[in-house]
Amino acid sequence: LIQLGDIGDVVWTTPSIRAVKNSLPGSKVSVMVKDGFGGLLEADPSIDQVFEVKSYRGNLFQQAAGQLSFIRELRAQHFDVVVDLRLGDRGAFMSFATGAPLRITFYHAEGMPFWRPFCFTHGVLPANDGTRHRGGTEHILRIIRPLGMDTDDPIPRLWVSNEAQKRAMKILPGERVKGEKQYITINPCSRWSYKEWDNRKWAELLGWVWKDFGLASVVIGSAEERQRMEELLRQCQAPAVNLAGQTTLAELAAVLSQSRLHIGVDSAAPHIAAAVGVPTVTIYGPSSWFDWSPVGDSHRVVLPNMDCVPCHQKGCDGSGRSRCLEELTVEQVQKVVREEMKNQTTARSGS
2 LIQLGDIGDV VWTTPSIRAV KNSLPGSKVS VMVKDGFGGL LEADPSIDQV
52 FEVKSYRGNL FQQAAGQLSF IRELRAQHFD VVVDLRLGDR GAFMSFATGA
102 PLRITFYHAE GMPFWRPFCF THGVLPANDG TRHRGGTEHI LRIIRPLGMD
152 TDDPIPRLWV SNEAQKRAMK ILPGERVKGE KQYITINPCS RWSYKEWDNR
202 KWAELLGWVW KDFGLASVVI GSAEERQRME ELLRQCQAPA VNLAGQTTLA
252 ELAAVLSQSR LHIGVDSAAP HIAAAVGVPT VTIYGPSSWF DWSPVGDSHR
302 VVLPNMDCVP CHQKGCDGSG RSRCLEELTV EQVQKVVREE MKNQTTARSG
352 S
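Following the working numbering, the numbering of the sequence shown begins with 2 at its first residue and continues without gaps.
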């Protein structure tokens, strides 16, 4: 299975991986992802091997040598079937490079490069029952259903290895994070600034979570976002840890799995948190919560009270700034967080 999309796409692919394994119980299933993303899948019991597509450094000769070595490794697997789950050029090339006798993709669509169909032996028309489904998993499952593969469990799930758990617990400072389920995680940043909320409001929210629930905060993000998170924590009057850029994806999944709740914006982190069984509260503005938010009763969304939401635009009038999120108040987010925390308390009392 070739999935060269973003982190969220990899998470959404996990039901399809299970569908393939369950439909062909004696098979060996391999998954190809972008460089650095393989850690998310390293403990998945349905997967035999994960390949990461790398960008090789050096001069043209060195880059070509790296690519040829990778292709030789792929061809040595003697794959019987390859399914490309996206419409990208690189996935098409990698499908062809495997040499598999059956290479499957979407049926050639208008606007695709003329050469793309020649990389494959078969095209499928994605199964569509006419229903608009929640979340991103259905977009992937409907590619493999025409192949006779399906699952009764369409919820994305990630497994965390014991090794990743141990590494994650070493990263968290014990003087501020007192153990399992004694902290929340937050991701204030997105790849796109028009999906983000103000740092001052985040700082106020974190202070409130500490005051009302006694939970420290662990801030996550990329290495590029670390300095911004330092600035956020300087405004925060509560115990907090900045792990932005400090974890691998496998370690991040482990950190999330031990948290009480994840609060964030529309990005990959809520999907990882949901896939390791942690409740989420996600702030949505211009993007569609219906299409992209985690699915389930323990996964809540916060929406601005504006008729234009979602507008599917990159900020108001193309400005890169979203007025709906600028006007979203801390109290609106607190209300949803309080509801989820109450739900958790009720669930524990019932058990």
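Beta carbons are placed, not taken as given, at the ideal position from N, Cα and C, and that holds for glycine.
How big is the Cα-Cα spacing for G222 and F38?
Here residue 222 refers to the residue found at position 221 of the sequence shown. Here residue 38 refers to the residue found at position 37 of the sequence shown. Roughly 15 Å separates the two Cα atoms.
At least three beta-carbon pairs within less than 8 Å, the segment 185–192 to the segment 263–270:
yes
Based on Cα-Cα distance, which residue from R261, K196, D90 and V161 lies nearest to T249?
As a working mapping, residue 249 is identified with position 248 in the sequence shown. Answer by Cα proximity: V161.
Among H313, D213 and S260, whose alpha-carbon lies nearest the alpha-carbon of E340?
As a first step, residue 340 is located in the sequence shown; it is residue number 339 there, counting from the start. Answer by Cα proximity: D213.
W13 to L142 span [Cα, whole Å]
Taking the sequence shown and counting its residues from 1, one reaches residue 13 at position 12. Taking the sequence shown and counting its residues from 1, one reaches residue 142 at position 141. Distance between the alpha carbons of W13 and L142 is about 9 Å.
Quick one: Cα of G137 to Cα of W211, how far?
Sequence index remark: in the sequence shown, residue 137 carries index 136 (1-based). Sequence index remark: in the sequence shown, residue 211 carries index 210 (1-based). Rounded to whole angstroms, G137 to W211 spans 33 Å at the Cα level.
What are the residues that DSSP puts in a beta bridge with Q50?
Here the question's residue 50 lines up with position 49 in the sequence shown. According to DSSP, which records beta bridges pairwise, Q50 is partnered with S31.
Buried versus exposed call for F313 [16 or more other C-beta atoms within 10 Å across all chains shown]:
Within the sequence shown, residue 313 is the residue found at index 312, counting from 1. Inspection of the sequence shows that residue 313 is occupied by His rather than by Phe. H313 comes out exposed.
Residue burial classification, Q4 (beta-carbon count within 10 angstroms, cutoff 16)
Your numbering for residue 4 matches position 3 in the sequence shown. Classification of Q4: buried, given that the 10 Å Cβ count is 16 or more.
Neighbourhood of L216 by C-beta, 7 Å cutoff - its chain only, sequence neighbours within 5 removed
The residue given as residue 216 occupies position 215 in the sequence shown. Here the set comprises Q183, Y184, I185, V210 and R261.
Touch check for the segment 234–247 and the segment 22–35: three-plus C-beta pairs under 8 Å?
no
As a quick exercise: from E43, N344 and D36, pick the residue whose alpha carbon is nearest that of A254.
One-based indexing of the sequence shown puts residue 254 at position 253. Nearest C-alpha to A254: E43.
I'd like to know if the segment 94–104 and the segment 117–129 are in contact, where contact means that at least 3 CB-CB pairs between them fall below 8 Å.
yes
Thinking C-alpha only, which one of E332, I144, V34 and A224 is nearest S17?
Within the sequence shown, residue 17 is the residue found at index 16, counting from 1. Comparing Cα positions, the closest option is I144.
Are the CB atoms of A101 and V83 nearer to each other than 8 Å?
The residue you call residue 101 lines up with position 100 of the sequence shown. The residue you call residue 83 lines up with position 82 of the sequence shown. Taking 8 Å as the Cβ cut-off, A101 and V83 qualify as a contacting pair.
Give me, in chain order, the residues of the same chain whose beta-carbon lies closer than 6 Å to that of T281; leave out the 5 immediate sequence neighbours on both sides.
For the purposes of this step, residue 281 is taken as residue 280 along the sequence shown, with counting starting at 1. So the list reads H263, P271, A274, A275, P295 and H300, once near-sequence residues are dropped.
For D81, collect the residues of the same chain with a Cβ closer than 6 Å to its Cβ; drop the 5 residues on either side in sequence, then sort them by chain order.
Start at 1 with the first residue of the sequence shown, and residue 81 comes out as number 80. For D81, where only same-chain residues beyond five positions count, there are no Cβ hits under 6 Å.
According to DSSP, is F107 helix, strand or coil?
Start at 1 with the first residue of the sequence shown, and residue 107 comes out as number 106. Strand, per DSSP.
Return the CA-CA distance between V310 and L88, expressed in angstroms with no decimal places.
What you label residue 310 is simply residue 309 of the sequence shown in a count that begins at 1. What you label residue 88 is simply residue 87 of the sequence shown in a count that begins at 1. Computed Cα separation, rounded: 29 Å.
Round the Cβ separation of S288 and K171 to the nearest angstrom and send it over; I've been treating them as touching at under 8 Å.
For the purposes of this step, residue 288 is taken as the residue at position 287 of the sequence shown. For the purposes of this step, residue 171 is taken as the residue at position 170 of the sequence shown. Going by Cβ atoms, the distance from S288 to K171 rounds to 35 Å, so no, they are not a contact pair.
N60: which of Q68, H134 and A224 sits nearest, CA to CA?
On the sequence shown, residue 60 is found 59 positions in, with the first residue counted as 1. Selected option, being the one with the closest Cα: Q68.
In the structure shown, what three-state DSSP assignment does L244 receive?
Position 243 of the sequence shown, counting from 1, holds the residue named residue 244. Coil at L244, not helix or strand.
What are the residues that DSSP puts in a beta bridge with R301?
As a working note, residue 301 is residue 300 in the sequence shown. DSSP, once it has assigned bridges, lists V282 as partnering R301.
Please list, in chain order, all residues of the same chain as F291 whose beta carbon is under 7 Å from its beta carbon, the five residues on each side excluded.
For this step, residue 291 is matched to residue 290 along the sequence shown. Same-chain partners within the cutoff: R135.
Just grab the DSSP bridge partners of N200 for me.
Counted from its first residue, the sequence shown places residue 200 at position 199. Per DSSP, none; premise fails for N200.
Just how far apart, CA to CA, sit L206 and Q333?
In the sequence shown, the residue the question calls residue 206 occupies position 205. In the sequence shown, the residue the question calls residue 333 occupies position 332. Taking the straight line joining both Cα atoms gives about 10 Å.
Is it buried or exposed, P157, if we count other Cβ atoms within 10 angstroms and call 16 or more buried?
Indexing the sequence shown from 1 puts residue 157 at position 156. Buried: at least 16 other Cβ atoms inside 10 Å.
Note the first and the last residue of the continuous beta strand (DSSP E) segment covering A270.
Counting from 1 along the sequence shown, the entry for residue 270 is found at position 269. Segment A270 to A276 is the alpha helix (DSSP H) holding A270; no beta strand (DSSP E) there.
Got a sec? Which residues, its chain only, sit under 8 Å from P46 by beta carbon, not counting five neighbours each side?
The residue labelled residue 46 in the question sits at position 45 within the sequence shown. Only W160 meet the Cβ criterion.
So, at 7 Å on beta carbons, what are the nonlocal neighbours of G9 in its own chain, with the 5 sequence-adjacent residues on each side left out?
For the purposes of this step, residue 9 is identified with residue 8 of the sequence shown, where counting begins at 1. Cβ within range, chain order: G137, A269 and H272.
Identify the continuous beta strand (DSSP E) that holds N188 and give its terminal residues.
Within the sequence shown, residue 188 is the residue found at index 187, counting from 1. Y184 to N188 is the extent of the beta strand (DSSP E) around N188.
By alpha-carbon positions, which one of L148, A165 and A204 ends up nearest to Q259?
Position 258 of the sequence shown holds residue 259. Nearest option by C-alpha distance: A165.
With a Cβ-Cβ cutoff of 8 Å, do V11 and D36 count as a contact?
Within the sequence shown, the letter at position 10 stands for residue 11. Within the sequence shown, the letter at position 35 stands for residue 36. Not in contact: V11 and D36 (Cβ atoms no closer than 8 Å).
Under three-state DSSP, which class holds I264?
Here residue 264 refers to the residue found at position 263 when the sequence shown is read from its first residue. Here I264 sits in strand by DSSP.
With DSSP run on the structure shown, which of helix, strand or coil describes V84?
On the sequence shown, residue 84 is found 83 positions in, with the first residue counted as 1. It is a strand residue.
Going by DSSP, what residue range makes up the alpha helix (DSSP H) through H140?
Residue 140 sits at position 139 when you count from the first residue of the sequence shown. From DSSP, the alpha helix (DSSP H) with H140 extends over T138 to I145.
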